DNA sequence: CATGAATGAGGTTTCATTCAT
DNA sequence: TATGAATGAAACCTCATTCAT
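Residue numbers (the numbering used here), protein chains in the order written: chain A, 704 to 915; chain B, 704 to 915; chain C, 704 to 915; chain D, 704 to 915.
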């Protein structure tokens, strides 16, 4: 269906790869839509396929089973967030620590907000996906990026405290989750963002002082 | 609304007789066991009944449907945590703010740890239970208790910042969730506890200063 | 359904065991009916259940999957044939060898004929059931029985030739299979029976002579 | 009827070009490989095509449906066996009866052994292919060849017994099937071959004597 | 009250077959 | 002619829930 449209208005001969890409994209997007509109336990492969405008069979050509479909969507989201944070880390090197923290926190919050719908949708299925495991892997990845960044902080005497970084990450996640699940307004989100910066800055400072 | 929910999903009959009480207890415990050993999507009413040593029919005499069973277990857990925190709040009145915060945080962490297995089990089903709604209700309840406590703090000039309390609660929840889902060791939990105290104290101080 | 009938016309209170037994019997019989009327590849669990007058769910309470259902029917049939042959072996001890062979062959043929429909039906599914394995096991069981019987033959000097027994069994099976699959008439079957006796007797005699 | 069947299930086009011949051969061979490695119920047209190194579409240009593909492979095998036996019959004319029988039996056994893998593979699908019908047709063809041969036997007074020939054929088939499905060793097969000769010779002699 | 056999809607997944490229 | 993505009917199996005993 989507392919027809593309064919009709695009170049005559669309490469197979592209057609497949379009289909896969439609399926992923449909997964999120269904998750949001019907909830996790009423997400069926048939429904997802219908929403994507393809048949079930097509869905199963790209994903061997329901689980792999959900996992792919989940992983993709985590990757995007990770990349955003890593980019922020790279950008913030050699700046004062409080600036570093502000940038990282804001990058994280903004990345989540970018696709707030996906975030909310995924909270519903994460438990069935070995979510915790992927969350943990992502956490480690982010911690490393933050650690490397902090090593370049001019105003940080000691080597950064890994445990403190983990605390910060899980605290941010928790706060974002609350706000997202509550369906907070943009205004509230701006406030959450500002307060999270404050929370992380004050805690990191305190943790560093205590470590000394 | 909340009342309707309670009516619809609450336990079907009040266990007055001892035998009934025992049965209900066994069913709830079995629910948690099955959740932990089989996972959320393989939790069946038949399996729960078998684990509890009763027949499915009996289970359905106490809970009108599967949802109400899970909801009851969930609600019970939230109540216990709430009560623990409220008790800590009552105890900590008129003490210095940092002491207040320490006590509340420790009460929360300890209550969660008390039945770490239940906490972990419930993370798996919360999304299917209108979890966020109950979490929000519990959050409001806790915030009120904390607010009242803070009003008695001798070293707090301004009225306490509601938003900051919410931030603290969600940050604590997030950190605990990470640790619980990661299956952290007791040693790690002690460290998490200490750091959460530090985090909340430093943030509340900073938030208060900023508010002034 | 079947239970209702039994209840209506039978004793008031039918023991649970019996009800289950009736159901299981109906399911097995339905399996054979469907196999005969629709063929092996159009045998579906739903169809079997419908034919048995129960729901699919009921079928799955007694057999964990389609395979186990077919296997149970298969095994039951093989058991009945085996028992018939073993009984004949026990009966024929101490008689002349040709008499022994006649009795065994006739027992085998008669047992197969008894439920010719089942035999034909099972030929269709045996390959999907690890049929050969069960056939082999049954073959060994029969061979042992025949061997023991032959040891008591007054006119057999040497110990019986195991290999020859296997040959006889597989030859009988093959001949019966041909006749059954061809839908032979009773008259033809009588002739097949007589000729199989002749075939086995002459071969066993020849094999014994050669062995000497 | 038989003609209709042949029209409906026969190969769709005659391979005149070499490439086509090669392709058809590859597909047939692949069918057998898949049958052996995956079993009858996991034989899919896609898998066969992949194994043959072509696309599904190509497969469907040579065979209108899955059934016709299997039937073609089956028929081809039966033809080869028939031809081998017929050749043996032609060769053995005017020789003594026991010699005739020896040659025919050995020809049959050797033809089956030649492609033991195919034989085993086909046992798995024969029931779904109207196997018995084709087997019966082949049986009649073989019986005729054997009958004609026996008419030239110098030591056979009466006209040959058709029924006895059928018995012999089905007994041989049964014995070979047992051995093949059991995966017998070459040594065992040599023994089976020798014993089958003995079995057929002694039975035919006995049948002739009785007929007289 | 307790039991557990029975129900059947509905979910996941497969695969023969077609057809646009 | 070859390809392989797409189709969708249909199979297997689960499990929340009921109700006769």
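Quick reminder that beta carbons are idealized off the backbone N, C-alpha and C, glycines included.
From a predicted model like this one, the values you see are computed outputs, not experimental measurements.
Exposed or buried, what is residue i when buried is set at 16 or more other beta-carbons lying within 10 Å of its beta-carbon?
| i | result |
| --- | --- |
| residue 835 of chain A | buried |
| residue 779 of chain D | exposed |
| residue 893 of chain B | exposed |
| residue 797 of chain A | exposed |
| residue 858 of chain A | exposed |
| residue 902 of chain D | buried |
| residue 725 of chain D | exposed |
| residue 890 of chain B | exposed |
| residue 722 of chain B | exposed |
| residue 718 of chain A | Confidence in residue 718 of chain A is poor, its pLDDT being 43 and thus under 50, which makes the residue's placement too unreliable to answer from. |
| residue 888 of chain A | exposed |
| residue 913 of chain D | exposed |
| residue 860 of chain D | exposed |
| residue 710 of chain B | Residue placement at residue 710 of chain B is poorly supported in this model, since its pLDDT is 47, which falls under 50; the coordinates still yield a value, given next. So residue 710 of chain B counts as exposed. |
Measuring CB to CB, does residue i end up less than 9 Å from residue j?
| i | j | result |
| --- | --- | --- |
| residue 862 of chain D | residue 838 of chain D | no |
| residue 795 of chain B | residue 806 of chain B | yes |
| residue 738 of chain C | residue 752 of chain C | no |
| residue 809 of chain D | residue 791 of chain D | yes |
| residue 898 of chain D | residue 831 of chain D | no |
| residue 870 of chain C | residue 895 of chain D | yes |
| residue 811 of chain A | residue 788 of chain A | yes |
| residue 848 of chain D | residue 911 of chain D | no |
| residue 749 of chain C | residue 772 of chain C | no |
| residue 874 of chain A | residue 885 of chain B | no |
| residue 728 of chain A | residue 774 of chain A | no |
Checklist entry - Below 8 Å, can you find three or more Cβ-Cβ pairs linking the stretch 817-829 of chain B to the stretch 753-771 of chain B? => result no
Checklist entry - Can at least three beta-carbon pairs, one atom from the stretch 839-846 of chain B and one from the stretch 903-914 of chain B, be found at a separation below 8 Å? => result Fewer than three pairs of CB atoms, one per stretch, sit closer than 8 Å, so the stretch 839-846 of chain B makes no contact with the stretch 903-914 of chain B.
Item to check | Residue ranges of each alpha helix (DSSP H) within the stretch 738-783 of chain D, 4 or longer | outcome: 748-755 and 759-765
Checklist entry - Would the stretch 730-739 of chain B and the stretch 725-735 of chain C be scored as touching if the rule is three or more Cβ pairs under 8 Å? => result no
Item to check | Three or more C-beta pairs below 8 Å linking the stretch 783-793 of chain D and the stretch 747-757 of chain D | outcome: Flag = no, the stretch 783-793 of chain D and the stretch 747-757 of chain D do not touch.
Next on the checklist: Within 8 Å, do at least three Cβ pairs link the stretch 848-861 of chain C to the stretch 877-888 of chain C?
Outcome noted: no
Checklist entry - Which parts of the stretch 859-906 of chain A are runs of the beta strand (DSSP E), unbroken and 3 residues or longer, counting only runs that do not cross its ends? => result The stretch 859-906 of chain A is shown to contain no whole beta strand (DSSP E) run of 3 or more residues.
Next on the checklist: Please give me, in chain order, every unbroken run of the alpha helix (DSSP H) with length at least 4 that falls completely inside the stretch 781-825 of chain A.
Outcome noted: The stretch 781-825 of chain A is shown to contain whole alpha helix (DSSP H) runs of 4 or more residues at 800-817, in chain order.
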